[in-house]
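>
Protein chains: 2
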Amino acid sequence: MTMPSKSKVYEEVLKELRRFIEEQGLSPGDKLPSERELAERLNAGRSSVREALRAMELLGLIETRRGEGTFLSSYQPYHMVEILSAFILQEAKTKENLKATKQLIEKEALKIAKNHLTDYDYQVLQSKIDQFEPGTETFHYEFFSIIFEVGENQLLMKIWRLMEEFSRTFHKPAYDINLYIRLVQALSDQDNIQIETLSNQLYQEKLSK
Amino acid sequence: MTMPSKSKVYEEVLKELRRFIEEQGLSPGDKLPSERELAERLNAGRSSVREALRAMELLGLIETRRGEGTFLSSYQPYHMVEILSAFILQEAKTKENLKATKQLIEKEALKIAKNHLTDYDYQVLQSKIDQFEPGTETFHYEFFSIIFEVGENQLLMKIWRLMEEFSRTFHKPAYDINLYIRLVQALSDQDNIQIETLSNQLYQEKLSK
DNA sequence: GGCGTTGAGTGGTCTGACCACTAATCTACT
DNA sequence: AGTAGATTAGTGGTCAGACCACTCAACGCC
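Those sequence lines, one after another, are chains H and Y. Each residue of the first sequence is one higher than the last, beginning at 1 in UniProt numbering. Each residue of the second sequence is one higher than the last, beginning at 1 in UniProt numbering.
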């Protein structure tokens, strides 16, 4: 009879690190102790500490600069997405799920935003549209970033960003700028039905590409 | 003038590993070469190979069994989800966000489910309700698990489960079983308005607790 | 005051050494 | 002959120590 719960050192380090960050109230940009110091403090080998740090790095939680140190980063999971996507997006169903979920979130974000948008926000959206040039790959992302910003739900935005990055690994969108123009109109009209319709069309477009 | 693009060894190992898996057509359960062999093949130190493997392990892509070897796993991002969520949920000023987002997802899941629910599903929901006893802490979770199951969106379900688990760490719900009963009724009536209303009430209840 | 030098500190990497565990093989006893 | 037990090769887990390349600030020279 063996206890399956014998944690590995690097997992312990992860936990400790998480606790440390919380205790010290560190936020993105702040510096973590050096690998050597962490190893000594946590009574672990440097290699074990590194395994934990490298994993966190891949998750996009920290950033590391040779010669300087290790820093908390604002969540930029692009490495993780790259690695993960190759493995989990193989099933068609996963892609379907991803698309459906992203659309769902965007639709809701629009509805939330429509109650919060100020005149200034509309100007920003409008100028974003004016600056549009065919071939821009990040338009959708930038447009919705504004929408999410207004909604003031950081969590929802982070989830969405993650999915947006995933979907970009297998799908290069072609934009119909008109849909976005009408979307802004629908927002200012407070027209929920039209928002849903356009939100759906956004994806039909993209699908057909 | 420095080239920022000098890859680290463990990142190279990750790429190689991904390629290797694809080339060999490995699927979940299959064994990967040993750490020592990988190190030799890829011309890298064992510690670098381990950093890559540990990162993959955290992502839930591989499973490692001491004394046996390293195996491809079917994607169970248990650890990743745990670590990631701890940081994301901690950073985003969250509890409000979490509640709002979870509610949003549940509401949408209900709407999706209402188009897919079979007679049998209703029976299951009904018996779940019949078995309810005050003090059961997992009722909400179990009820919605059925809803998500019907929706056939695994991704959405995983996201929700994660948030559900998290919210339980700081919030013990008290249930008003009547709301769930009426929810089932609204579902079978295909009454979107009522679904939204009840979904909101679910959380007003809980808030007031 | 300004500018190069230098040294301490940091991450990046490799090597070699143990340990703990697993599974297959071999051995010896019944 | 069959089986229980011991042996051993191979694996992941961990650590310590050694370099390297890089950054930055302190120092000292002009």
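Even glycine gets a Cβ: it sits at the ideal position worked out from N, Cα and C.
Which of the residues in the UniProt domain "HTH gntR-type" (7 to 75) of chain H, read from start to end, lie with their CB under 7 Å from any CB of chain Y?
Tyr10, Leu14, Arg18, Glu22, Ser47, Arg50, Glu51, Arg54, Ala55, Leu58, Leu59, Leu61 and Tyr75
> Under a CB-based cut-off of 9 Å, is His140/H close to chain Y?
no
> Taking the Cβ atom as the reference point for each residue, do Ser167/Y and Leu98/Y lie within a distance shorter than 9 Å?
yes
> Terminal residues of the continuous beta strand (DSSP E) containing Arg65/Y?
Ile62 to Arg65
> Could you pull the DSSP bridge partners for Gly69/Y from this structure?
Arg65/Y
> Assess, as a yes-or-no matter, whether the segment 127 to 134 of chain H is touched by the segment 175 to 182 of chain H under the definition of 3 or more beta carbon pairs within less than 8 Å.
yes
> Under 9 Å, Cβ to Cβ, is there at least one residue of chain Y near Ile159/H?
yes
> Would residue 211/H pass as an interface residue toward chain Y - the criterion being a Cβ-Cβ separation below 9 Å?
Lying before the first or after the last residue shown, residue 211/H is absent from chain H, which here runs from 1 to 209.
> Consult DSSP for Leu202/H and reduce its assignment to one of helix, strand or coil.
helix
> Assign Lys102/Y to one of three DSSP states: helix, strand, or coil.
helix
> Buried or exposed for Ile105/Y, going by 16 or more other Cβ atoms inside 10 Å?
buried
> Using only alpha-carbon positions, find the residue among Glu23/H, Arg18/H and Leu26/H that is nearest to Leu53/H.
For the residues Glu23/H, Arg18/H and Leu26/H, the minimum Cα distance to Leu53/H belongs to Arg18/H.
> If you check the beta carbons only, do Gly151/H and Ala109/H fall under 9 Å apart?
Against a cut-off of 9 Å, the Cβ pair of Ala109/H and Gly151/H comes out as a contact.
> Under 9 Å between C-beta atoms, does Asn97/H make it to chain Y?
Between Asn97/H and chain Y, the shortest Cβ-Cβ separation is below 9 Å.
> Which residue's Cα is closest to the Cα of Ser73/Y: Lys31/Y, Tyr141/Y, Leu42/Y and Ile112/Y?
For Ser73/Y, the closest C-alpha among the options Lys31/Y, Tyr141/Y, Leu42/Y and Ile112/Y is that of Lys31/Y.
> DSSP state of Lys31/Y, grouped into three classes?
DSSP places Lys31/Y in strand when its eight states are reduced to three.
> State the CB to CB distance for the pair Phe170/H and Trp160/H, rounded to an integer number of angstroms; the pair is presumed to be in contact (CB under 8 Å).
Actually they are not in contact, since the Cβ atoms of Phe170/H and Trp160/H sit about 17 Å apart, beyond 8 Å.
> Would you say Asn153/Y faces chain H, with C-beta separation under 9 Å as the test?
yes
> Identify, in the order they occur along the chain, each residue of the same chain with its Cβ nearer than 8 Å to the Cβ of Gln103/Y, setting aside the five sequence neighbours on each side.
Ser199, Asn200, Leu202 and Tyr203
> Show which residues of chain H have a CB atom less than 8 Å away from the CB atom of Leu156/Y.
Asn97, Ala100, Thr101 and Leu104
> Using three-state DSSP, classify Thr138/Y as helix, strand or coil.
coil
> Can you list, in chain order, the residues of its chain with a C-beta nearer than 6 Å to that of Tyr175/Y? Leave out the 5 residues immediately preceding and following it.
Phe139
> Going by DSSP in three states, Phe132/Y sits in which element: helix, strand or coil?
coil
> Measuring alpha carbon to alpha carbon, tell me which residue in Lys172/H, Glu165/H and Ala39/H is nearest Leu136/H.
Just to set this straight, residue 136/H is Thr in the shown sequence, not Leu. Checking every option, the nearest Cα to that of Thr136/H belongs to Lys172/H.
> Note the first and the last residue of the continuous alpha helix (DSSP H) segment covering Ser47/H.
Per DSSP, Ser47/H belongs to the alpha helix (DSSP H) from Arg46 to Leu59.
> Residues in the same chain with beta-carbon distance under 8 Å from Leu14/Y, minus the five sequence neighbours each way, listed in chain order, please.
Ala52, Ala55 and Met56
> So, is Ile193/Y buried or exposed, given that buried needs 16 or more other C-beta atoms within 10 angstroms?
exposed
> Could you tell me whether the Cβ of Glu108/Y comes closer than 9 Å to any Cβ of chain H?
yes
> Run the CB neighbour count on Asn115/H, radius 10 Å, all protein chains shown included, and call it buried at 16 or more, exposed below.
exposed
> Does the beta-carbon distance from Lys128/H to Gln154/Y come in below 9 Å?
no
> Thr94/H CB to nearest chain Y CB: under 9 Å?
Cβ-Cβ to chain Y under 9 Å: yes for Thr94/H.
> According to the Cβ coordinates, are Arg50/H and Ser47/Y closer than 9 Å?
yes
> Tell me, please, whether the CB atom of His171/H is closer than 9 Å to any CB atom in chain Y?
no
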